[in-house]
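Here the structure comes first, spelled out in structure tokens, and everything after it is commentary.
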Amino acid sequence: MADNNSDQSLSSHDEVQDPETPYEEPPKEESKQEEKPDKVEGSIDQKEEDDSKKSGFFKFDKITEIKGVLTLNFKEPDPAYLELWGTPRSFTEEKFANHFVVKRKWTQITFSIVFWINLILALILFAFTDPAARNKPFEYKGQVIPAKNLHLVALYSVGTSVVLCAFIICLLLIIPGLFIWWTFLFAVFTWAVILVLIIIGGNLASQISFSVIVVAFPALFVLKICGKVKFSTCVLKSAILVARKYPSTFLFTFLMICAQTGINYLYDIGVTAAYYHNISPGVYIYAIWSYFFITATLRNYAYTVVAGVASCWYFLNGSPHMPPAPLIVSIRHMTGPTFGPVCLGGLIQSFCDTINQLNDTPGSSPIYCIVKCICMVVKCMVTVFMGIINRFALIYCAMFGVDTQNATKRWYQQKSRKMVNQCILHTVLQATFDTDAWISSSLCGAVASYFAYKKFGKGSSEFNFATVTGTFFGKQAITLLSAPIITMSDALFVGFGEAPQRLDSGASEIMDLFDEENKQLFRKEIDEQLNGPDEKKFCCC
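Counting in our numbering, the sequence shown runs from 1 upward without gaps.
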């Protein structure tokens, strides 16, 4: 028994030595050398060293080395977070297929329930509104518009914006490489159309349109001298590349535009009638909030569905795990398990939009001023949340089925990487579509008011109302059209930030779209992901 105990003590305590065998230092060095490979490449211990160079999430732990200046430590990520993004092996085809193709867990279902309750209440409110009140004449700036004429004017505005969206979709499919430059021609064409309409019969939209054109030309000139048009065109081509492989994404986008336009039409008629027919102010405020909540959620829904298709192609293209219809899979996920984060983003946006709408309502009483100040404070708080839960966080929700907390944390870790920042945040795609939206608002306002002029005469209330609604619908439609396209390009390069090596395999078609200089930057990012960062970093300009 004594011998056994002595053997156990010898085996359990390294400091005890055999009296006949002198202590040797090399075995301890070997044990230390054996412990180093236990740091799996890409693990938390290894990433702490890498991220101090990459300025990632764990860089803040290095602040504790400053002598007493600041002590800030993040908690270690939970196992679910590590399983998703802990190592480069987390982004293999099999791993992503498990996150995207298989059945997902439901996340943040509370916000989904809030959305459906609001939608049901809005439908009930609209269904039980007095039909006679909806058919009463509408008064606009002291002039009466019959309900029938009001519907006809709205039809002019909606029809013009839908036709223009269909035309722009065709341009994106046919000439994506020239689309950014086409914005310049679009401005000239709009100027010519407005000039012709003014000559034919006069047009109220000209007061807005010429100021827009004057702003558009300098903006396009600035875009040209920035030297970003060429790179941005390649990024746009990447999004159109995936859209061509799955044309159903354009059909889905077009259907979402029609649905959004229909909701705009209903609320344009219903909410305006509620305001002018002395319906309870509480109902009016609820109707405004409900409108913003539903429309913002639909926009987020369109973003995430298209982002799911793009990410599925990026991670699974050429693999046996690629689903035959990724759009159907993405719609199923975003309508069901991952609908909660979409509704949360829409809810936050709706509060901000409602406050803006109420602040624009005229009033001068002391109580109104106090309420307005409170609204502005709330708006500042909501704006902070909007900056945190942005569309990039929703892309992560669409990709991996996570909640907004983990999605936001991961995006803020990745966005500091220079090549990801270059591909997503430093292009002129958003500026191009914004310019198109303003020019489109001028064109749609001019065309809609021309139809109203031919039908009801110049200076009529229908003519004035058509100009306003046409301008609104024209801008709204292009904004809705651009969002999924921009999100598709964002999703591709968010995927690049997570797994850049895919550009050498399943997503190599994207690499072929760029020139040799940018290819070298992409390859350098791939090498850093696989072999670790170089001491001297590249600089994207």
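We put the beta carbon where it would ideally sit given N, CA and C, even for glycine.
Model, not experiment: these values are computed from the prediction.
Out of 445, 263 and 455, which has the shortest C-alpha to C-alpha gap to residue 472?
Here residue 472 corresponds to residue number 472 of the sequence shown, with the count starting at 1. Closest by alpha carbon: 445.
To the nearest angstrom, how far is it from the Cα of residue 292 to the Cα of residue 346?
For this step, residue 292 is matched to residue 292 along the sequence shown. For this step, residue 346 is matched to residue 346 along the sequence shown. Each residue's Cα considered, the two are about 8 Å apart.
Taking the alpha helix (DSSP H) that residue 107 belongs to, which residues open and close that run?
Start at 1 with the first residue of the sequence shown, and residue 107 comes out as number 107. No alpha helix (DSSP H) holds residue 107; DSSP gives it neither H nor E.
Using a Cβ-Cβ cut-off of 6 Å (strictly less than) and excluding sequence neighbours within five positions of residue 313, which residues of its own chain qualify?
The residue labelled residue 313 in the question sits at position 313 within the sequence shown. Hits under 6 Å: 242.
Does the stretch 248-268 come close enough to the stretch 188-196 that 3 or more CB-CB pairs lie under 8 Å?
Touching, no.
Pull up the distance between the alpha-carbon of residue 443 and that of residue 294, whole angstroms please.
Working through the sequence shown from its first residue, we reach residue 443 at position 443. Working through the sequence shown from its first residue, we reach residue 294 at position 294. Rounded to whole angstroms, residue 443 to residue 294 spans 27 Å at the Cα level.
Between residue 440 and residue 401, is the Cβ-Cβ spacing less than 7 Å?
Position 440 of the sequence shown, counted from the first residue, corresponds to residue 440. Position 401 of the sequence shown, counted from the first residue, corresponds to residue 401. No. Outside cutoff.
Considering only their Cβ atoms, is the gap separating residue 433 from residue 449 smaller than 7 Å?
Position 449 of the sequence shown, counted from the start, is the residue given in the question as residue 449. Position 433 of the sequence shown, counted from the start, is the residue given in the question as residue 433. Not in contact: residue 449 and residue 433 (Cβ atoms no closer than 7 Å).
Just how far apart, CA to CA, sit residue 322 and residue 453?
The count along the sequence shown starts at 1 and reaches residue 322 at position 322. The count along the sequence shown starts at 1 and reaches residue 453 at position 453. If I take the Cα positions, the gap works out to 54 Å.
By Cβ distance below 7 Å, which residues in the same chain neighbour residue 104 in space, the five residues on each side in sequence not counted?
Translated into positions along the sequence shown, residue 104 becomes position 104. Same-chain partners within the cutoff: 333, 337, 338 and 401.
With a cut-off of 8 Å on the beta carbons, I'd call residue 112 and residue 373 a contact; round off their distance for me.
The count along the sequence shown starts at 1 and reaches residue 112 at position 112. The count along the sequence shown starts at 1 and reaches residue 373 at position 373. 34 Å between Cβ atoms; not a contact.
When you compare each of 123, 249, 124 and 328 to residue 169 by their alpha carbons, which one comes out closest?
As a first step, residue 169 must be located in the sequence shown, where it is residue number 169. Among 123, 249, 124 and 328, the Cα nearest to that of residue 169 belongs to 249.
Tell me the rounded alpha-carbon separation between residue 289 and residue 350.
Position 289 of the sequence shown holds residue 289. Position 350 of the sequence shown holds residue 350. The alpha-carbon atoms of residue 289 and residue 350 are separated by roughly 6 Å.
Just to confirm before moving on: does the CB-CB distance between residue 488 and residue 310 stay below 7 Å?
Residue 488 sits at position 488 when you count from the first residue of the sequence shown. Residue 310 sits at position 310 when you count from the first residue of the sequence shown. Yes, they are a contact pair.
Quick check on residue 321: does DSSP put it in helix, strand or coil?
Numbered from 1 along the sequence shown, position 321 holds the residue referred to as residue 321. In the structure shown, residue 321 sits in coil (DSSP, three-state: anything other than H, G, I, E or B).
Taking the straight line between their C-alpha atoms, what separation do you get for residue 514 and residue 177?
The residue given as residue 514 occupies position 514 in the sequence shown. The residue given as residue 177 occupies position 177 in the sequence shown. Taking the straight line joining both Cα atoms gives about 12 Å.
State the Cα-Cα distance for the pair residue 392 and residue 492, rounded to the nearest angstrom.
Residue 392 sits at position 392 when you count from the first residue of the sequence shown. Residue 492 sits at position 492 when you count from the first residue of the sequence shown. Roughly 11 Å separates the two Cα atoms.
Would you tell me roughly how many angstroms separate the C-alpha atoms of residue 116 and residue 158, rounded to the nearest one?
Here residue 116 corresponds to residue number 116 of the sequence shown, with the count starting at 1. Here residue 158 corresponds to residue number 158 of the sequence shown, with the count starting at 1. Each residue's Cα considered, the two are about 26 Å apart.
So the candidates are 165, 154 and 254; which of them puts its Cα closest to the Cα of residue 612?
Since the first residue of the chain shown is 1 and the last is 541, residue 612 is not available in this structure.
For residue 403, which of helix, strand or coil comes out of DSSP?
Residue numbering aside, residue 403 sits at position 403 when the sequence shown is read from its first letter. Correct three-state label for residue 403: coil.
If you run the structure through DSSP and keep just helix, strand and coil, what is residue 521?
Counting from one through the sequence shown, the residue named residue 521 turns up at place 521. Here residue 521 sits in helix by DSSP.
Which of the three DSSP states is assigned to residue 251 in this structure?
For the purposes of this step, residue 251 is taken as the residue at position 251 of the sequence shown. It is helical.
Near residue 478, what residues of its chain come up, given a Cβ to Cβ distance below 6 Å and the 5 sequence neighbours on each side ignored?
Walking along the sequence shown from the start, residue 478 turns up at place 478. Cβ neighbours of residue 478 beyond the five flanking positions: 436, 437 and 440.
Between the beta-carbon of residue 521 and the beta-carbon of residue 486, is there less than 7 Å?
Residue numbering aside, residue 521 sits at position 521 when the sequence shown is read from its first letter. Residue numbering aside, residue 486 sits at position 486 when the sequence shown is read from its first letter. It is not a contact, given that the beta carbons lie outside the stated cut-off.
Starting from residue 479, trace the alpha helix (DSSP H) both ways and give me its first and last residue.
Within the sequence shown, numbered from 1, the residue matching residue 479 stands at position 479. 461-498 is the extent of the alpha helix (DSSP H) around residue 479.
Is residue 229 near residue 174, with beta carbons less than 7 Å apart?
In the sequence shown, counting from the first residue as 1, residue 229 sits at position 229. In the sequence shown, counting from the first residue as 1, residue 174 sits at position 174. It is not a contact, given that the beta carbons lie outside the stated cut-off.
Would residue 148 be called buried (16 or more neighbouring beta carbons within 10 Å of its own) or exposed?
Counting from one through the sequence shown, the residue named residue 148 turns up at place 148. By the neighbour-count rule (16 or more Cβ atoms within 10 Å), residue 148 is not buried but exposed.
Mark residue 118 as exposed unless 16 or more other C-beta atoms lie within 10 angstroms of its C-beta, in which case mark it buried.
Working through the sequence shown from its first residue, we reach residue 118 at position 118. Buried, because 16 or more other Cβ atoms sit within 10 Å of the Cβ of residue 118.
In whole angstroms, what is the alpha-carbon distance linking residue 320 and residue 480?
For the purposes of this step, residue 320 is taken as residue 320 along the sequence shown, with counting starting at 1. For the purposes of this step, residue 480 is taken as residue 480 along the sequence shown, with counting starting at 1. Spanning the two alpha carbons is a distance of roughly 34 Å.
How far does the alpha helix (DSSP H) with residue 432 in it reach, from first residue to last?
Stepping through the sequence shown from its first residue, residue 432 is reached at position 432. 429-456 is the span of the alpha helix (DSSP H), which, as asked, contains residue 432.
In angstroms, rounded to a whole number, what distance separates the CA positions of residue 253 and residue 297?
Residue mapping note: residue 253 aligns to position 253 of the sequence shown, counting from 1. Residue mapping note: residue 297 aligns to position 297 of the sequence shown, counting from 1. Near 14 Å, if we compare the C-alpha coordinates of residue 297 and residue 253.
Between the Cα of residue 470 and those of 121, 109, 95 and 164, spot the shortest distance and give me the residue it belongs to.
Against the sequence shown, residue 470 aligns to sequence position 470. When only C-alpha atoms are compared, the closest one is 164.
For residue 300, count the other beta carbons within 10 Å of its own beta carbon; 16 or more makes it buried, fewer makes it exposed. Which is it?
Counting from one through the sequence shown, the residue named residue 300 turns up at place 300. Residue 300 is buried by the Cβ-count criterion.
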